Every structure is written in structure tokens, then in C-alpha cells.
Amino acid sequence: MVETSVEVNGLHTAYGKHQVLDNLTVAPLTSGKVVGLLGPNACGKSTLLKTIAGVHKPQLGTVRVTLNGKQIAPKEHFRHIGYVPQDLPGSAALTAFETVMVSASRDSSSHGVENLAAEVMCDLKISHLAHRYLSELSGGQRQMVAFAQMLVAKPAVMLLDEPTSALDLNKQLFLLAQVREQVRATGALALVAIHDINLSARFCDELLVMKEGTLQAQGSPRDLLTPELLRAVFEVETEILHHGDTPVIATVS
Amino acid sequence: MAIASETPSSLVRTHRAVVRRRWTLIGLLIATATIAFIVSTVVGPIDIGFMQVIHGVFDPSALSETQRTVLWKLRLPMSVMAVLIGVSLSAAGAQMQTILNNPLAEPFTLGISAAAALGGASAIVLGWSFLPLPQLNLAFVAWVSAIAATSLIVFFSVLRGASSETMILLGIGLVFMFQAMLALLQYKASTEALQQIVFWTMGSLTRATWLGNIVLAGVLLIALPWMWVLSWKLTALRLGDERARAMGINVARVRITVLILVSVLAATAVAFAGVIGFIGLVGPHIARLLVGEDQRYFLPASMAAGAGILCAAHALSLVIVPGIAIPIGIITALVGVPFFFLIIMTRKRTQW
Chain A
1 MVETSVEVNG LHTAYGKHQV LDNLTVAPLT SGKVVGLLGP NACGKSTLLK
51 TIAGVHKPQL GTVRVTLNGK QIAPKEHFRH IGYVPQDLPG SAALTAFETV
101 MVSASRDSSS HGVENLAAEV MCDLKISHLA HRYLSELSGG QRQMVAFAQM
151 LVAKPAVMLL DEPTSALDLN KQLFLLAQVR EQVRATGALA LVAIHDINLS
201 ARFCDELLVM KEGTLQAQGS PRDLLTPELL RAVFEVETEI LHHGDTPVIA
251 TVS
Chain D
1 MAIASETPSS LVRTHRAVVR RRWTLIGLLI ATATIAFIVS TVVGPIDIGF
51 MQVIHGVFDP SALSETQRTV LWKLRLPMSV MAVLIGVSLS AAGAQMQTIL
101 NNPLAEPFTL GISAAAALGG ASAIVLGWSF LPLPQLNLAF VAWVSAIAAT
151 SLIVFFSVLR GASSETMILL GIGLVFMFQA MLALLQYKAS TEALQQIVFW
201 TMGSLTRATW LGNIVLAGVL LIALPWMWVL SWKLTALRLG DERARAMGIN
251 VARVRITVLI LVSVLAATAV AFAGVIGFIG LVGPHIARLL VGEDQRYFLP
301 ASMAAGAGIL CAAHALSLVI VPGIAIPIGI ITALVGVPFF FLIIMTRKRT
351 QW
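So the sequence lines, in the order shown, correspond to chains A and D. Numbering-wise (full-length UniProt numbering), the first sequence opens with residue 1 and increments by one. Numbering-wise (full-length UniProt numbering), the second sequence opens with residue 1 and increments by one.
Quick look at the structure:
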């Protein structure tokens, strides 16, 4: 089991005059949790994920990642952070198997990588796609391949940008269950940007709610998801129902 | 959907079968290129038989003096240059398509050939002379011009961030500017100089020398291992800049390094043989259709495909009109395009 944490402090990012992240600070995210990232379009969710992943450099502020008590140097973040961007790996003439192997092949011998890639693909039930080119797959299938590609590197921190956007209902539940299982089994931490509030309520241990580049609220789904918050953030009227312990959000006119 | 009966070990087995098939296809491409090379060395107005050529390569004294001169001073320099330039342009085209993320890219997309033509024309019209041998001088000026054009793109890319769009736009702008400057030179040039410019820029292997071949081989010996070292990063780049960056790859550095390698390959090819179009486009496309874009297979397959096509085109250029070697740049497009159409129309997969 790994012990990992991510701390985000005072992030500022602007594209031209448009402030994307505005002094964004998040209370430490810790091991073994699935953290949901909610918020309207263009509120800075993707930019936050990219900043943590090291793909994007903020103008101000810091991201601190620790692993087993030790802080990871920003240059080494990529070794421990897995990032699945919003866009899918598109037109490449790479087979799904080759795609999955790419993210694992840097540090390991090719033999070990092959076995690892095969195991992950079988676990995710996409072994039948293994030898087809990405360009021959549907959006949802490519999304599963992108997820497999991240998992195969066994990251301590998983960053997923709308990982279920192209998936059918069955696969949405399956993928998020896999994320949760992985997090519970390895002690990893997952931060998942997601639009489906009900899915986030069901699968996330903690939620971050963003609006206009700032953090509006952070806490458990049960405490956080109230009609007031959803009105303030999304300008939508809702009613909170319950299914067992899980809140279920119904929109009302 | 319940086809999940495959086990990890059976998946690894089928993957290895795919890899074996790829290497078999690469082997077939190399065999085809070898045959095309031999044919292009055997055909020609002076009759030297197949066995005599083989014999003469290993033991020059077995041939008559005329045959020896024809083989060693004319045919072999040309056919060896066909191989080297085919490999250079096709490898350069493959990597240009990779770093620009664009299937239409080829080694000359960013203005290498336009710059070389402008340089060559300037040397002819303005009488620039840096080296004693006129042909070598032209090659040198063209090479320097092409590298200068690339340096410009590299400079601006570093300033603006090396995105593929920025590079393509800069390159296209440069092509138009160089073409306009070339047109201006041609407009002012004498008829004699004009003719020289046209012949020089038309891709042809007839200027082939052993010195040129040694330089081409030297450049390949530096560029290819370098590309091979970068192969993992280039494969990752095909999955998008962000994904590659998240894997710890310095995307801008990879792009610029590869752009420089591609430019040196293409500039050297242009300097010695003029503008031979199409190879750098079709070679990688054949490779992609046969083995996909994992660089471990894509690069060698592109090289073999390029060498094979250029050797075949060279052989064809020698036999179409007996006694006259038609400039090979004309043949590659004339014969290559219908062949290219055939590939596009018959392919099953939806790539690009």
C-alpha cells in the first residue's frame, strides 16, 4: 500500500485576460480516496488536473505531492501521477495493446510490460479490442483504452478528466467501480472530473466543487450536495432524494 | 460483448504474433527494395548481364574496361544514391508526419526544398562560389540555404512554443516567400542560367558521385540511430501532446530535435539530387498501412519502402526512353500517384 497526498496552494492561471484558476487552494487530498471534481463548464476543472499532472504550469501557486511521507520533486511527478486527458487518443495507427504498452514501456523490460498490459486489458474486459487500431475503435472503446493506458503505469495519483463522457451506463459504473477498487487496493488517490452528479455521489468519498476558478466547497457527497449549493453553482433547481446512504439528485423545473 | 474469454497469456501470444507479422512485412519490404536495387543496377543502354554485375561488384577486374567504368562510375553511384535518398526522404517524411501530426506532411512541407532551390538558383544566377567544384559548390549553397530556412522555423517555434500548427503555418509562409524570391531570380536570369536552374531543381540522380553517397550515408548514420533512440517518445506523441507531456516527455524538445534531424536529411538529399517529391509522402503511408505507427516498426518499414520505390523509379527512368535517363523526380510522381490512389482506394482501415 502506498501513502500519498496532494496539496494545492494558491493556484493562479490566466489565459490572456481570462482568469481560469483564481487563488485556488484545496485542503490536502489523501490516500485511498476517490475525489470527485464538480463544476460548470470552463470553471477550471481541466486546468486544475493539468496543473497537478505537470502538463500545465501555473503562473502562481504550488502543487505538493507526497509519496510515503516524502515530497516528490515536480520534475518526478510524472512517474507517480497518471493522467487521462479529456480528448481521446485519436487517429493513430497504434493497436490498443500498443497504446496501453506505451505508458509502461519506459522503465521496464518489454517482456514485463507485455504481461502487465495484457492483465490490465483483461481486467477491464477490453481484451477483444487489443489488436485493433485506435482509429477503428468507437469513442467509448478508446476511452476504456485510455483508462487502461493510465492504469498500467500503476500511478499513486490518478487524474481522470471526464473519464465516462463517452461510455454507456454499464461502462460508466464499471469504470468508476474499477477506479474505486484500485484506490482501495493500492492506497492510491483518484481525482475525477465528472459532470454526472449522481455518479459522483455514488462513487466518490469526497467532492470538490468549483466555480469560476475558485473552490466553492469541499467535503463528503452527503454533506455537500444540497439544493442550495447546486443552485449557487449550476443555477439549477434540484431535490435531494436518498437511495440507502447515497444522495440522488433529481432536477425539478 | 462477452468475448472476454481471452486470458492475459493468450493475449500476449496473439500480440507477439502481430509483432512477428510486422517484422515479416518489413523483411518483405527490404527484399523488394533489394531486388529493385539490383534491377536498377543491371538495366541501362550498355549491356552488362545480371551475373556480370554481381561479379563486377566483388571483383571489378572481371569486367572489360568500358563495363567497369559504366558500372563503377555511372550505375552504382546512381543506384546506391537511389537507396540512400529513398531511405533519407522516407524516414524524414515519416517523422515529419509524426511531429506535425499531419498525414499530408512530407520532408519538404516546411520549405526545405524551396529554400534549397532558391539557394541553388542564387548560386547559379549571382555566381556565388565557395567551393572549387561547381557541382559541389551548388550542393553546398543549397544545403546551407535549406538549413538556414529550418533554423528560422526552429527559432520561431522556440519563441512561440513548438506546436505542430505553429510549425506548419510558419513553414507554409516560408515556402511562399522562397518561391516568390526564386521567381524573381528566374525573371531576372539569362536564358542559359534559367535552363540551368530548371535542370538543377528537377530531381535527378545523374549527378550522383561516390562523394555524395558518402556524405548521405554519413548523415543517415547520425540521424537514424538518433531517431531510434527517440522512438518511444515519438510513439507516445501520436497519442497527443498532453498525454505525452504527462508521461514526462518534453514535447517541444522532441519536436525540435526531430525537425532538425529531418531537415538535415532532406537538405542533404536535395543538395545532391534536387527535389524528388512524393517519396517522403508515400513511403511512410505504405509503412503505416502495413505495420502501423509504433515507431519500432514504422521507421524501418518507411525506410525500406522509400528505398524500394526510389530504386524502382530509378530503374524505370532508365528504360522508358532507351539511352536517356529521365529525371527521376518526374517518374516518382507520374508512376507513384496512380499507385498511391490505388492504396487509398483499396485500404480497409480508417486511418487519419
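Even glycine gets a Cβ: it sits at the ideal position worked out from N, Cα and C. Since the structure is predicted, the reported quantities are computational estimates derived from the model, not experimental observations.
Query, Result
"If Leu220 (chain D) sits next to Ser88 (chain D), beta carbons under 8 Å apart, how far is it from one beta carbon to the other, in whole angstroms?", "6 Å"
"Going by beta-carbon coordinates alone, are Leu11 (chain A) and Leu24 (chain A) separated by less than 7 Å?", "yes"
"What's the gap between the Cα of Ala31 (chain D) and the Cα of Ala305 (chain D)?", "10 Å"
"Measure the C-alpha to C-alpha separation of residue 255 (chain A) and Leu189 (chain A) and round it to an integer number of angstroms.", "Nothing can be reported for residue 255 (chain A), as the shown portion of chain A is limited to 1 through 253."
"What's the gap between the Cα of Thr47 (chain A) and the Cα of Gly248 (chain D)?", "17 Å"
"Could you check the C-alpha separation between Thr251 (chain A) and Glu239 (chain A) for me, to the nearest Å?", "6 Å"
"Closest by CA to Ser151 (chain D), which one among D:Gly171, D:Glu165 and D:Leu136?", "D:Gly171"
"Classify Leu259 (chain D): buried if its beta carbon has 16 or more other beta carbons within 10 angstroms, exposed otherwise.", "buried"
"Secondary structure at Gly218 (chain D), three-state DSSP: helix, strand or coil?", "helix"
"Counting only C-beta atoms, is Val247 (chain D) closer than 7 Å to chain A at any point?", "The residue asked about is misnamed: residue 247 (chain D) is Met in this sequence, not Val. True, the Cβ-Cβ gap to chain A drops below 7 Å."
"Helix, strand or coil, according to DSSP, for Arg64 (chain A) in the structure here?", "strand"
"Do the CB positions of residue 354 (chain D) and Ala114 (chain D) come within less than 7 Å of each other?", "A question about residue 354 (chain D) goes unanswered here, because the residues of chain D that appear run from 1 up to 352."
"Please identify, using Cβ separations under 7 Å, the residues of the region 11 to 31 of chain D that lie next to chain A, in order along the chain.", "Leu11, Val12, Thr14, His15 and Val18"
"I'd like to know if Leu239 (chain D) contacts chain A, where contact means its C-beta is closer than 7 Å to some C-beta of that chain.", "yes"
"Using C-beta distances below 7 Å, list every residue in its chain close to Arg132 (chain A), excluding the 5 sequence neighbours before and after it, in chain order.", "Thr95 and Ala96"
"Have a look at A:Thr186, A:Thr99, A:His243 and A:Ile52 and flag the residue whose alpha-carbon is nearest the alpha-carbon of Met144 (chain A).", "A:Thr99"
"Could you work out which residues of chain A lie near Asp294 (chain D), taking near to mean beta carbons separated by less than 7 Å?", "Leu94 and Glu98"
"Output needed for Phe339 (chain D): all residues of its chain with C-beta closer than 8 Å, excluding positions within five of it in sequence on either side, in chain order.", "Val282"
"Sort D:Met227, D:Ala116, D:Arg288 and D:Ala208 by Cα distance to Trp143 (chain D) and report the nearest one.", "D:Ala116"
"Are the beta-carbon atoms of Thr13 (chain A) and Val157 (chain A) separated by less than 7 Å?", "no"
"Run through DSSP, which three-state label would Asp123 (chain A) get?", "helix"
"Taking the CB atoms as reference points, tell me whether Ser31 (chain A) and Gly219 (chain A) lie closer together than 7 Å.", "no"
"Quick test of your reading: Leu318 (chain D) and Val53 (chain D), contact by CB under 8 Å. State the CB separation rounded to the nearest angstrom.", "That belief does not hold up - the Cβ atoms of Leu318 (chain D) and Val53 (chain D) are roughly 14 Å apart, past 8 Å."
"Using the Cα positions of Phe341 (chain D) and Ile279 (chain D), report the straight-line distance between them to the nearest angstrom.", "14 Å"
"I need the straight-line Cα distance from Cys122 (chain A) to Ser10 (chain D), nearest angstrom please.", "10 Å"
"Run down chain D in chain order and give the residues with a C-beta less than 7 Å from the C-beta of Ala53 (chain A).", "Ala246"
"To the nearest angstrom, report how far apart Ala82 (chain D) and Val229 (chain D) are at their CA atoms.", "26 Å"
"Could you give the C-beta distance for Ser40 (chain D) and Ala273 (chain D), rounded to a whole number, given that I count them as a contact under 8 Å?", "So it is not a contact: roughly 14 Å between Cβ atoms."
"Taking C-alpha atoms, which residue in A:Tyr15, A:Phe78, A:Lys33 and A:Leu21 lies nearest to Met1 (chain A)?", "A:Lys33"
"Would you please state the rounded distance, in angstroms, between the beta carbons of Met167 (chain D) and Leu100 (chain D)? I believe it to be under 8 Å.", "6 Å"
"Pull up the distance between the alpha-carbon of Val262 (chain D) and that of Leu25 (chain D), whole angstroms please.", "25 Å"
"Does Pro74 (chain A) have its Cβ less than 7 Å from a Cβ in chain D?", "no"
"Could you check which residue in D:Ile331, D:Lys233, D:Thr191 and D:Ala271 has the C-alpha nearest to that of Arg253 (chain D)?", "D:Lys233"
"First and last residue of the beta strand (DSSP E) that includes Val291 (chain D)?", "Run containing Val291 (chain D): none in the beta strand (DSSP E); it sits in the alpha helix (DSSP H), Ile279 to Val291."
"Starting from Phe203 (chain A), find everything on chain D with Cβ-Cβ shorter than 9 Å and list it in chain order.", "Neighbours of Phe203 (chain A) on chain D: none; closest Cβ ~22 Å, over 9 Å."
"Quick one, which of D:Ala271, D:Ala148 and D:Pro300 has its alpha-carbon nearest His285 (chain D)'s?", "D:Pro300"
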